[in-house]
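To start, the structure under review is shown below, and the notes come after it.
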Amino acid sequence: MSDSRAEKLDIVEMQRIASGIRKRVLAHTISNNGGYMSQACSSAELLAAMYGGVLNLAPLDGAINPPNFIGVPLVGTPSVKNYKTGAQFHGVKGASLDRFIISPAHYALVVYAALIETNRLREDGLDFFNKDGSTVEMIGAEHSPGFETTTGSLSQALSQAGGIAIARKIRGETGKTWVFMSDGEFQEGQTWEALQASSFHKLSNLRVIVDVNQAQCDGPMESVMSIEPLVDKVRAFGWKVSVVSGHDLPELTSVCLEESNQPHMILCYTDPVRGLPLLNERRPVLHYLRFKSSEEIAKYKLAYEEMVK
């Protein structure tokens, strides 16, 4: 661990951010009758750690208003001059600064909540969620707050980040390129090709943090297609691999700041109902929470009241 970086980390503030993420996502889910709640439960500490100090990002002058969608950057159209990706919420780019690539686009609601909690997205940013003409999309794209690239159906971000890391290595930049992934992406072949390429090119400036919540759209990972033993598989591709509890912020941040002469993957085993045990009633399928009755909504409103006490 870098001692100077570690001394600046505020674990208490990260805990506040994580709690705020869960509260915001639950409030949004209740008022909109739907949301990716289990992803917020499992990844809150991961994103709190990243945005709360692990990432070396440029500061902002203040929270950014979510811009309107102005179109795609096609050559010869006016949108080229004005086009900005969601990376603007990470501040200006710099040789010594980190880049953060979000891979699972369905975590967008959770990412937006993290940006609000860290004063990077305007407080009312979720009011624009999934509205026509808004960049605050339900499934994040390259123009959405916090998103620098569109990552396809799933698992393309690691390949994209590998290309960015190669370019930064060639230019002699010292900043790291980080990727946030979900464990379901290890069922995709492109992930393994990217792992192999990153190892071959010795991308010691590439870091990956994975939400291993062991749940996906159709149910538990082990019943759909098991990816274990994941740590052994990734190591076999020439990566440094660390395994941590994704809810233990001191352990998580310590491992994130470790130096490595290899690409480094941090497998964070998490609980998809963390902080909201009521979600256990939805097992085995936890992927998306849409309420089935007014009685169920009432239960979650009570759970929210408990959460904000």
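First residue of the sequence shown: 11, per the working numbering; consecutive thereafter. Virtual Cβ for every residue (Gly too), placed ideally from N, Cα, C.
Query: Extent of the continuous alpha helix (DSSP H) to which Lys243 belongs; Result: 240-246
Query: Stretch-stretch touch, CB-based, cutoff 8 Å, three pairs: the segment 294-301 with the segment 236-244; Result: no
Query: Neighbour-count burial assignment, Phe99, 16 or more Cβ in a 10 Å radius; Result: buried
Query: DSSP three-state assignment for Thr201, whether helix, strand or coil; Result: helix
Query: Cut-off 8 Å between Cβ atoms - residues of its own chain near Glu203, not counting five sequence neighbours on either side; Result: Ser169
Query: Meets three-Cβ-pair contact criterion under 8 Å: the segment 269-276 and the segment 13-32; Result: no
Query: Local conformation of Ile237 per DSSP, three classes; Result: coil
Query: Three-state secondary structure assigned by DSSP to Met317; Result: helix
Query: DSSP bridge partner residues for Met275 (one or two, in chain order); Result: Val218, Val251
Query: Check whether Leu286 and Arg34 have beta carbons under 9 Å apart; Result: no
Query: Local conformation of Glu56 per DSSP, three classes; Result: Going by the sequence as given, residue 56 is Leu instead of Glu. Helix.
Query: Buried or exposed (CB count within 10 angstroms, at least 16 for buried), Ser165; Result: buried
Query: Boundaries (first-last residue) of the alpha helix (DSSP H) holding Val189; Result: Counting along the chain, Val189 falls outside any alpha helix (DSSP H), though it belongs to the beta strand (DSSP E) covering 187-192.
Query: Exposure of Asn215, with buried meaning 16 or more beta-carbon neighbours within 10 Å; Result: buried
Query: Top-ranked residue by Cα proximity to Ser163, from Lys179, Phe139, Arg181, Gly194; Result: Gly194
Query: Cβ separation of Phe4 and Met60, assumed to be a contact under 8 Å, to the nearest whole Å; Result: As shown, the chain starts at 11 and ends at 319. That puts residue 4 outside it, with no answer to give.
Query: CB contact flag (Ile112, Glu158, <9 Å); Result: yes
Query: Beta-ladder partner(s) of Gly182, from DSSP; Result: DSSP, once it has assigned bridges, lists no residue as partnering Gly182.
Query: Assigned secondary structure, Arg132 (DSSP; H/G/I helix, E/B strand, else coil); Result: coil
Query: Which residues DSSP lists as bridging Ile74, in chain order; Result: Leu131
Query: Pro260 classed as buried or exposed, judged by whether at least 16 other C-beta atoms fall within 10 angstroms; Result: exposed
Query: Reduced DSSP secondary structure (H/G/I, E/B, other) of Gly334; Result: There is simply no residue 334 to check, as the chain begins at 11 and stops at 319 in what is shown.
Query: For Cys266 and Val64, believed in contact at Cβ under 8 Å, the rounded distance; Result: 5 Å
Query: Boundaries of the beta strand (DSSP E) in which Glu110 is found, first to last residue; Result: Sequence inspection shows Phe at residue 110; the Glu mentioned does not correspond to that position. Where Phe110 is concerned, the enclosing beta strand (DSSP E) stretches over 109-112.
Query: Residue of Asn42, Asn78, Asn43, Asn129 minimising C-alpha distance to Asp71; Result: Asn129
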